[in-house]
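Report on the structure given below.
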Amino acid sequence: MTAKEAVPVRDGDRADDEFSVIQPTGFSPVQVEDRARQMLFSTRALVIAGSMLFGLLVLVYLLVARSLIFETQPADADVKVRGFAIPLGDGHLVLPGDYEYTVTATGYLPKSGKVSVSEEKNSRHAVKLERLPGHLQVVSDPPVPVRILVDGAEVASEQGLAQNIPAGRKRITVLTDRYLPFTREVDIEGLDNTQHLQVKLRPAWANVRISSNPPGATVTVGGEVLGTTPMTAELIQGDRIVEISKPQHKTAEIPVAVTAGVDQTLTPVDLAAADGILRLASTPEGASVTVNGEFRGRTPLDVELEPGSTHQVRLFKDGYSAVERTIDIAAGVEREMTIDLSAVFGKVRITSSPANAEVYIDGRLAGSAGETFTLPARSHRIVVRKSGFEDYETTVVPSAKLEQSIRAVLLTAEEARWSQVPAEFTHGAGGRMVLMRPNAEFTMGSSRREQGRRANEVLRQVALTRPFYLGTTEVTNREYRRYKRMHSSSHVNGVSLDNDNLPVVNISWADAAMFCNWLSARDGLKPVYRTEGERVVGFDASANGYRMPTEAEWAWAARYEGGSMKKFPWGDELPVRKNSGNYADNNAAQLLPAVLRTYSDRYAATAPVASYQANSLGIYDLGGNVSEWVHDLYTIGTGLSLRREENPVGPQDGDYHVIRGSSWRHAGLTELRLSYRDYGAEPRNDVGFRVARWVN
Numbered sequence: 002m003t004a005k006e007a008v009p010v011r012d013g014d015r016a017d018d019e020f021s022v023i024q025p026t027g028f029s030p031v032q033v034e035d036r037a038r039q040m041l042f043s044t045r046a047l048v049i050a051g052s053m054l055f056g057l058l059v060l061v062y063l064l065v066a067r068s069l070i071f072e073t074q075p076a077d078a079d080v081k082v083r084g085f086a087i088p089l090g091d092g093h094l095v096l097p098g099d100y101e102y103t104v105t106a107t108g109y110l111p112k113s114g115k116v117s118v119s120e121e122k123n124s125r126h127a128v129k130l131e132r133l134p135g136h137l138q139v140v141s142d143p144p145v146p147v148r149i150l151v152d153g154a155e156v157a158s159e160q161g162l163a164q165n166i167p168a169g170r171k172r173i174t175v176l177t178d179r180y181l182p183f184t185r186e187v188d189i190e191g192l193d194n195t196q197h198l199q200v201k202l203r204p205a206w207a208n209v210r211i212s213s214n215p216p217g218a219t220v221t222v223g224g225e226v227l228g229t230t231p232m233t234a235e236l237i238q239g240d241r242i243v244e245i246s247k248p249q250h251k252t253a254e255i256p257v258a259v260t261a262g263v264d265q266t267l268t269p270v271d272l273a274a275a276d277g278i279l280r281l282a283s284t285p286e287g288a289s290v291t292v293n294g295e296f297r298g299r300t301p302l303d304v305e306l307e308p309g310s311t312h313q314v315r316l317f318k319d320g321y322s323a324v325e326r327t328i329d330i331a332a333g334v335e336r337e338m339t340i341d342l343s344a345v346f347g348k349v350r351i352t353s354s355p356a357n358a359e360v361y362i363d364g365r366l367a368g369s370a371g372e373t374f375t376l377p378a379r380s381h382r383i384v385v386r387k388s389g390f391e392d393y394e395t396t397v398v399p400s401a402k403l404e405q406s407i408r409a410v411l412l413t414a415e416e417a418r419w420s421q422v423p424a425e426f427t428h429g430a431g432g433r434m435v436l437m438r439p440n441a442e443f444t445m446g447s448s449r450r451e452q453g454r455r456a457n458e459v460l461r462q463v464a465l466t467r468p469f470y471l472g473t474t475e476v477t478n479r480e481y482r483r484y485k486r487m488h489s490s491s492h493v494n495g496v497s498l499d500n501d502n503l504p505v506v507n508i509s510w511a512d513a514a515m516f517c518n519w520l521s522a523r524d525g526l527k528p529v530y531r532t533e534g535e536r537v538v539g540f541d542a543s544a545n546g547y548r549m550p551t552e553a554e555w556a557w558a559a560r561y562e563g564g565s566m567k568k569f570p571w572g573d574e575l576p577v578r579k580n581s582g583n584y585a586d587n588n589a590a591q592l593l594p595a596v597l598r599t600y601s602d603r604y605a606a607t608a609p610v611a612s613y614q615a616n617s618l619g620i621y622d623l624g625g626n627v628s629e630w631v632h633d634l635y636t637i638g639t640g641l642s643l644r645r646e647e648n649p650v651g652p653q654d655g656d657y658h659v660i661r662g663s664s665w666r667h668a669g670l671t672e673l674r675l676s677y678r679d680y681g682a683e684p685r686n687d688v689g690f691r692v693a694r695w696v697n
């Protein structure tokens, strides 16, 4: 409004409403600093700043982050990564570190795992999901209940539906009663889908025509009654047994091979009349029964007898008279028969040594030895017993026709023990050994007044009580070569000492000891000789293995007879008796300077073992043939000792060993005597050995 438009207002007049009074406003200078602060903290400014910061963070993230790509099967699977991960195309953008993931897809089993993302490079991770199992609906024609097998193993199914079958190619087999198995290869797609399999079932039976004479017989197969003849039966394929039965007739069992779909007619079956049944009992029971000579069992017994024939029935039992009956029985008839058996007795006289022993029969005291007992004619156990002696046991079957006698020789515990020890045996190399049980006191050596005596034959009092086995002959070349295959006993001026049955020679005492240890090991016995390498360093007198006889054992076996000591193998006087042994005789004149001119043993050197008569103990060649190594080390006493030696075995160590007995080289009085002692350590062509063994 301009100045000229202004209208004066009179007092008391009401101002027109269309006009207003203009009032002046106050003036305040602009505050520049306050406005700048307002602009800095305004919403717009904060938004701009935040956007710039976010952009900076995004830029840093993009520079640091790495891509994580999952290659999945199936390709459309859903991948979830736990943590800060930005989906980007086919993968995720993530910071370096460890992440958990889950991959899922419809129709597949979910799969979870962990993956690491490094700072240096992007990460690719392949995940293959496993298909969910599938289901198979079997539709059979005809519609019958079925069983389903997958790869040969039956699976649960209901109304033909088999669930949760692993995906893949499977061999499906459908089984059902009375139909042939159906098999087909099926690709199970899985993915929780249900597939259908159409199955055309073929019958597994055939029609079999069955008839019998007479008709009306019951037909049973596998325990199931199918009907009566004549009839046509549906039989499942396979080998079947058709039973055809009719009262008062024997049941017929017909094997039938059934092929599915191939009908057949069986030859009419003629049913024979049923056997009669004889129910046999006896007093006492347990009698044996034969029918026409054929054993049928023991009473009480049901016996089937063919009708229309007579049968010889015989009952017998130990201690009773046999009973025979002739039986004729009708078809299908049951007949009972009880037969009383008459006891039969026999007499048995029992004596004993020593007398007055008690007699037990079948475990009960029956009387004393010297009596005659009347016993049933069956087997009885007899025990004869006396205090201080071992029981005598035997069995006897008395006879009604002949009185029998039993003589019981009772043994003490010691005698019974020795009765279990073999009197002789053959050792592992083939030599025979006999048991020796000396219980003697004797004097070894010879008197100073004895002609031909040597100074080393000092008198010794010896008690020999320890039992032992002794070889009946010297060890032969054949036996020794089982230990050392290449050993040769050699020869003397062309006369062989090496034939198999000649005594082994040209061996040292140590060689003989090592043979004994070898033989002990072969026969499972504890070796006697202790060794270090090839050296013998001692012996174990408690061992049960093989060894050479001790000097005392050799002297006892060679000389002790009837309580006195023999001088020569043949007796106490010269000359040498005929066939007494192998010595230096006229056959050895070309080999030896001194021989027995009037004696002949048929051999120039060694003779086959056991060529001459054995002594009273059954031992050969203790004089003659070859001298023998014995167990003991060589020592010389100083005179007759007042101390008696019991079972002496000699010292443990020394330089030489004793040699006993004469040989094929000896003809002099000194050497022919059984008390002659020699010694040595090295092999000789006239020294061998024999083996012995203690009985522990």
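Residue 547 in my numbering sits at position 546 of the sequence shown; the count goes up by one each step and never skips. The beta carbon of each residue, even a glycine, is placed where N, CA and C say it ideally should be.
Neighbourhood of residue i by C-beta distance below 7 Å, restricted to the same chain and skipping five residues each side
| i | result |
| --- | --- |
| G429 | L520, R523, D524 |
| F690 | E475, V476, A513, M549, E629, W630 |
| T260 | A207, Q238 |
| D687 | V506, V627, S628, S664, W665, R666 |
| Y481 | H488, V505, F516 |
| V1 | Since the first and last residues shown for the chain are 2 and 697, residue 1 lies out of range. |
| A332 | Q249, A274, A275, G277, P308 |
| L110 | L130, E131, L133 |
Beta-carbon proximity of residue i to residue j, cut-off 8 Å
| i | j | result |
| --- | --- | --- |
| V290 | L316 | yes |
| R661 | W557 | no |
| A358 | A409 | yes |
| Y657 | A682 | yes |
| E559 | G624 | With the sequence shown as reference, residue 559 is identified as Ala, and Glu is not the correct amino acid for it. Contact: yes. |
| S601 | D586 | yes |
| P439 | K387 | no |
| G217 | T233 | no |
| E186 | R170 | yes |
| L376 | P285 | no |
N- and C-terminal bounds of the beta strand (DSSP E) containing residue i
| i | result |
| --- | --- |
| D79 | 79–83 |
| R461 | 461–465 |
| G347 | 346–354 |
| F390 | No beta strand (DSSP E) contains F390, which DSSP labels as neither H nor E. |
| R93 | Note on identity: in this sequence residue 93 is His, with Arg being the wrong assignment. Start and end: 92–95. |
| W206 | 206–211 |
| D142 | 135–142 |
| S664 | Unbroken run through S664: none, as it is neither H nor E. |
| S68 | 67–74 |
Beta-carbon contacts of residue i that lie in its chain and below 6 Å, excluding the five residues immediately before and after
| i | result |
| --- | --- |
| V537 | A511, A514, Y530 |
| R685 | none |
| R350 | T373, S406 |
| S447 | R454, E458, S676 |
| A282 | T300, P301, T339 |
| L526 | N545, G546 |
Residue from the options with nearest C-alpha to residue i
| i | options | result |
| --- | --- | --- |
| F346 | L675, V397, G534, L281 | V397 |
| A542 | Q653, G161, Y321, T230 | Q653 |
| Q160 | K171, P167, P146, V650 | P146 |
| N494 | R479, T466, R45, A606 | A606 |
| G432 | Y393, A78, T473 | T473 |
| T698 | V360, A367, Y584, L634 | Summary: the structure shown does not reach residue 698, with the chain confined to residues 2 through 697, and so no result is reported for it. |
Own chain partners of residue i with C-beta closer than 8 Å, once the 5 adjacent residues on each side are dropped
| i | result |
| --- | --- |
| N214 | P269, V270, D271, L272 |
| N293 | H312, Q313 |
| N697 | S543, N545 |
| G572 | R578 |
| L593 | A585, R666, A668 |
Segment limits, alpha helix (DSSP H) that includes residue i
| i | result |
| --- | --- |
| L520 | 510–523 |
| Y481 | 478–482 |
| L673 | 670–673 |
| S420 | 414–420 |
| E552 | 552–560 |
Presumed contact (8 Å Cβ cut-off) between residue i and residue j, rounded CB distance
| i | j | result |
| --- | --- | --- |
| T177 | T184 | The pair is not a contact, with the Cβ atoms about 13 Å apart (cut-off 8 Å). |
| P256 | D276 | The Cβ separation is near 22 Å, so there is no contact. |
| Y399 | A378 | In the sequence under discussion, the amino acid at residue 399 is Pro, which differs from the Tyr named in the question. Indeed they touch by this definition, with Cβ atoms about 5 Å apart. |
| V435 | L471 | 6 Å |
| V209 | Q265 | 6 Å |
| T551 | G651 | 7 Å |
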